[in-house]
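What follows is one structure encoded as structure tokens, with my remarks underneath.
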């Protein structure tokens, strides 16, 4: 790292652990090294490898880490892992401190359990954050091909987003939405975590937005139940579009008898008047885009090519 | 059946299918036969074995069955199965018809997916129902010892509850609640299904109640996330007590590191001021009590013996 020039100009990036325990320290070191190679000046938070049961330290430890990172206001605050843990902290987080970091230029980044942080930050302060990779999951693995142990698209998109240069993400969607144009606040994340905020003070009341969701290991009937909850709660009809990411890892059952993700989406479309697009490359999958949560975006579809675009954030 | 005397005086019981598909018709016939032997005049609804994907018929078919059973107003409307399906019907059910059946003496019974029906019925009409066994699950299996292919407590408690003679259910709870006395509306059921109603018009806004919940195949961290959602939504603090049933079927993870159901409950108690009792024998387990949902009950604890008692419903 010392041999690289212009180190002072590199964006600072802090790896911290607000959720699940980091089981293998080498994974975290590998992530730090790879992120350095990708051009970031990496700091690992003091309690990033703390352990308490299934958490990265007890609640006080993780809460202190979150506030410490906020006060330091690095260019990028990147969670090491998802898992579970933020729900326990939501009532105790000093949102003003996280908002102050955003105002000083910090981008909060992650997915999965990070959905709770990002949507609650939006609910309490209106500040935006970034739904994107996790430190260990996307940069610390030994498997895969690319610099993150995975493909190249994920780090490329992440780097562009973190530099402020990324202004659009394109994806291939199903036929039937040609000509669709919508503008609204982009929000969403992991569907289970998002639904776990419903009815609480941490729920962002977004109207006229563009909602994106993904999940892992959830059978389509469980995904459907959550989406129908959002529908019955009036959330879906208040959006301009719903964009589905990846829903993988679930097991088929002999009871399904032709009930699939596809039939689930068809049912949702039959009861919900909002356009429901599929194909956004994000979720618990190797290839994931980095998206701004809480920013106004344009969704434009031409034939089967969809584009989510936003204004330069400089 | 024809040989039994006093058939006309027997309570009528209709087996119907509002949720998951009945895969094996013999299971349903076995349930009907056993319920006849237990003293009920059993009718099997016309579409109880209908099939559409993973559902017991398409939405129109299941909705029609529900309304047909309501209009017939048998003494007992017993769902054949849980699974998933009621969520799709909630916005379309004519609640007045179900309430009219209750007023004519019908007891709606079941658990699991039935939680959606029971709580929505309470939300829309204030009518009570019974959280108890399911037709096939509890009376149609070939395994087990008792008349339902299971133990004797489940049918015994069910029969008493259906006759109006059951006025209390006792269970052994943990130490620490000696002397607790609370009166309030009993409500609850399957935790996942209950949470799926939050924020929708189908959510019963019960204050000062006694909330009972159970779940299956949900890791304690997922149970915790749901309970914390209810806590953060102000639901738990508005109750006089929370009573936990069975939470089984989940798999331990190497990530748990001592995080268990027990530590989860301890955490919940540390953040929530309401008494959280364990030990209620209900859930996705062979031995389950039958409980009135939406009725005022007394919860009394002496040492470790807890009693849920209610007034005669005649």
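Chains as they are written, first to last, in our numbering: chain Z, 1 to 314; chain G, 1001 to 1314. Ideal Cβ positions, reconstructed from N, Cα and C, are used throughout, including at glycine.
Asked, Found
"Any idea which residues DSSP pairs residue 305(Z) with across the strands?", "172(Z) and 302(Z)"
"Give a yes or no on whether the minimum CB-CB distance between residue 1199(G) and chain Z is below 8 Å.", "yes"
"Do we get a CB-CB distance below 8 Å when we pair residue 1087(G) with the residues of chain Z?", "yes"
"Can you check DSSP and say which residues form a bridge with residue 1187(G)?", "1211(G)"
"What are the boundary residues of the beta strand (DSSP E) that includes residue 1292(G)?", "1291-1293"
"Taking 8 Å as the CB-CB cut-off, is residue 249(Z) touching chain G?", "no"
"Determine, using beta carbons only, whether residue 80(Z) and residue 38(Z) come nearer to each other than 8 Å.", "no"
"Just to confirm, is the Cβ distance from residue 131(Z) to residue 285(Z) under 8 Å?", "no"
"Cα-Cα, which of 137(Z), 53(Z) and 233(Z) is closest to residue 198(Z)?", "233(Z)"
"DSSP three-state call for residue 1203(G): helix, strand or coil?", "coil"
"Check whether the Cβ of residue 1111(G) lies closer than 8 Å to any Cβ atom in chain Z.", "no"
"Assign residue 1306(G) to one of two classes, buried (16 or more other C-beta atoms within 10 Å of its C-beta) or exposed (fewer than that).", "buried"
"Please confirm whether any heavy atom of the ligand GTP lies closer than 7 Å to the CB of residue 1064(G).", "Among the ligands in the structure shown, none appear at all, so the ligand GTP cannot be discussed."
"Tell me whether the beta-carbon of residue 1210(G) lies closer than 8 Å to the beta-carbon of residue 1182(G).", "yes"
"Who are the Cβ neighbours of residue 265(Z) in its own chain at under 8 Å, not counting the five residues just before and after it?", "244, 276 and 278"
"Do residue 1186(G) and residue 1295(G) come within 8 Å of each other at the CB atom, strictly closer than that value?", "yes"
"Below 8 Å between beta carbons: does that hold for residue 220(Z) and residue 255(Z)?", "no"
"Looking at the strands, I want to know which residues DSSP matches up with residue 16(Z).", "79(Z)"
"Answer with yes or no whether the minimum CB distance from residue 1103(G) to chain Z is below 8 Å.", "no"
"Check for me: the beta strand (DSSP E) holding residue 1107(G) runs from which residue to which?", "1107-1110"
"How about residue 51(Z) and residue 1257(G): are their beta carbons less than 8 Å apart?", "yes"
"Which stretch, first to last residue, makes up the beta strand (DSSP E) that contains residue 1250(G)?", "Segment: none, residue 1250(G) is in no beta strand (DSSP E) and carries neither H nor E."
"Pick helix, strand or coil for residue 196(Z), following the three-state DSSP scheme.", "coil"
"So, is residue 1270(G) buried or exposed, given that buried needs 16 or more other C-beta atoms within 10 angstroms?", "exposed"
"Less than 8 Å between CB atoms is the rule here; does residue 1232(G) satisfy it with respect to chain Z?", "yes"
"Here's the rule I'm using: 16 or more other beta-carbon atoms within 10 Å means buried, otherwise exposed. How should residue 237(Z) be labelled?", "exposed"
"Determine the chain Z residues that contact residue 1021(G) at a beta-carbon separation under 8 Å, and present them in chain order.", "255 and 257"
"Note down, in chain order, each residue of its chain lying with its Cβ closer than 7 Å to the Cβ of residue 69(Z), except the 5 sequence neighbours on either side.", "14, 16, 45 and 77"
"According to the neighbour-count rule (16 or more other Cβ atoms, all chains shown, within 10 Å of its Cβ), is residue 148(Z) buried or exposed?", "Unreliable positioning characterises residue 148(Z) in this predicted model, as indicated by a pLDDT of 48, which lies under 50. The coordinate reading is nonetheless provided below. Residue 148(Z) comes out buried."
"Along the beta strand (DSSP E) that carries residue 131(Z), what are the first and last residues, could you check?", "129-131"
"On the DSSP bridge list, what partners appear for residue 52(Z)?", "55(Z)"
"Rounded to whole angstroms, what's the CA-CA distance from residue 281(Z) to residue 274(Z)? Just pull it up for me.", "20 Å"
"Can you look up residue 263(Z) in the DSSP assignment and give me helix, strand or coil?", "helix"
"Whose C-alpha, out of 1228(G), 1061(G), 1066(G) and 1118(G), is nearest the C-alpha of residue 1272(G)?", "1228(G)"
"Does DSSP classify residue 1142(G) as helix, strand or coil?", "coil"
"Should residue 252(Z) be flagged as near chain G, meaning a C-beta pair shorter than 8 Å?", "no"
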